[in-house]
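Numbering (the numbering used here), first residue to last: 1228 to 1526.
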């Protein structure tokens, strides 16, 4: 049995007095397309940098494909990593960039690179490419390695919607070709929900939600009903978030059976609603009614 693509136990990274990650325990499933979600500063980039050996853990341990990326840098040949901004040598031509990748990657596959890299003139300087074209070239360089694990840090951050859609299609074509496990880090849920079948949500430097997307959505429901003291609700295992507005009460819940109380309206939850709820406080107060100020005549 192949080792898990990425495993972390009690992982922590401190930057001076601040912890970027702390107490993180996680196992990425083989062959999954994982959305690594969370607000800015949640530790997404830190986790990817630890997975590629660019940072050393302050505490705990991380292994990639069963190996320590710091002690066994040979594993990096099996990882494809695109940091935020797709940094490339801007003075190189596209052809120079591909040739450099061919010479520095022992598993380089010209067929994969040629098939995926279309509509870009090989004589063009990297510095003259558009943001979308540079992102496409960076992804092709990663996929041409035929890696077992692909790590992408905010790949859609600087792209317009059309370029983002094209990059997404390129990613899916490459995954179909190489059968790699993919981790896409993004703070924008819309960037990842179309393709990811597994979600890891980071908040406060640790994992606050993780699992298969379909299973998570199936196990959560929105309940809406009249505002009242909240006791046990049959079919509800846990209340994740409670919000009241006027006489209405809305709950995001983890369910373990049917909701039989007819006073509740039960609705499915979207992935964006689910992730935002886990990032927010458990109970949100009702919006404050604007204070009425008496009118005064100034004349």
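Glycine included, C-beta positions come from ideal geometry on N, C-alpha and C. In this text the structure is predicted, and so the values were computed from the model without any measurement.
Handout entry: Start-to-end residues for the alpha helix (DSSP H) that takes in residue 1325
Key = For residue 1325, the enclosing alpha helix (DSSP H) covers residues 1321–1331.
Practice task
Identify, in the order they occur along the chain, each residue of the same chain with its Cβ nearer than 7 Å to the Cβ of residue 1229, setting aside the five sequence neighbours on each side.
Solution key: Counting only Cβ-Cβ distances below 7 Å, and skipping sequence neighbours, we find 1257.
Exercise for the section: Tell me whether residue 1429 counts as near the ligand FAD, meaning its Cβ is closer than 7 Å to at least one heavy atom of that ligand. Expected result: No copy of the ligand FAD appears in this structure; indeed no ligand is present at all.
Handout entry: Inter-stretch contact (C-beta, 8 Å, three-pair minimum) for the segment 1246–1266 and the segment 1426–1434
Key = These segments touch.
Problem - Per DSSP, the bridge partner or partners of residue 1396 - result: Answer is none; residue 1396 lacks a bridge partner.
Problem - Buried or exposed (CB count within 10 angstroms, at least 16 for buried), residue 1545 - result: Nothing can be reported for residue 1545, as the shown portion of the chain is limited to 1228 through 1526.
Handout entry: Residue range of the unbroken beta strand (DSSP E) whose run includes residue 1273
Key = Judged by DSSP secondary structure, residue 1273 falls outside any beta strand (DSSP E) and instead within the alpha helix (DSSP H) spanning 1271–1278.
Exercise for the section: Find the nearest neighbour of residue 1378 within the set 1480, 1267 and 1262, judged by alpha-carbon distance. Expected result: Checked all of 1480, 1267 and 1262; the closest Cα to residue 1378 is 1262.
Problem - Meets three-Cβ-pair contact criterion under 8 Å: the segment 1284–1298 and the segment 1232–1245 - result: The segment 1284–1298 is in contact with the segment 1232–1245.
Exercise for the section: Could you check the C-alpha separation between residue 1463 and residue 1420 for me, to the nearest Å? Expected result: Distance between the alpha carbons of residue 1463 and residue 1420 is about 26 Å.
Exercise for the section: Indicate the three-state DSSP secondary structure (helix, strand or coil) for residue 1301 in the structure shown. Expected result: Three-state DSSP puts residue 1301 in a helix.
Exercise for the section: Taking only the alpha-carbon atoms, compute the straight-line gap between residue 1430 and residue 1281 and give it to the nearest angstrom. Expected result: Their Cα atoms are separated by approximately 22 Å.
Exercise for the section: With a floor of 4 residues, list each alpha helix (DSSP H) that falls wholly inside the segment 1358–1382, ordered by position along the chain. Expected result: Complete alpha helix (DSSP H) runs here, min 4: 1358–1370.
Handout entry: Local conformation of residue 1437 per DSSP, three classes
Key = Reduced to three states, the DSSP call for residue 1437 is strand.
Exercise for the section: Would you grab the beta carbon distance between residue 1321 and residue 1345 for me? Rounded to a whole angstrom, and I think it's under 8 Å. Expected result: Between residue 1321 and residue 1345 a beta carbon distance of about 12 Å is seen, past the 8 Å cut, so the two are scored as non-contacting.
Exercise for the section: Can you give me the Cβ contacts of residue 1499 inside the same chain, cut-off strictly under 6 Å, excluding the 5 residues immediately before and after it? Expected result: The residues are 1416.
Practice task
Give me the Cβ distance between residue 1272 and residue 1380, rounded to the nearest whole Å; I'm assuming they're in contact under 8 Å.
Solution key: Going by Cβ atoms, the distance from residue 1272 to residue 1380 rounds to 5 Å, so yes, they are a contact pair.
Handout entry: Those residues which DSSP pairs with residue 1448 across a bridge
Key = In the DSSP assignment, residue 1448 is bridged to 1480 and 1495.
Practice task
Measure the alpha-carbon distance for residue 1406 versus residue 1394 and round it to whole angstroms.
Solution key: Note on geometry: alpha-carbon atoms of residue 1406 and residue 1394 lie some 17 Å from one another.
Handout entry: Of the listed residues 1450, 1384, 1343 and 1359, nearest to residue 1404 (C-alpha basis)
Key = When each option's Cα is compared against that of residue 1404, the closest is 1343.
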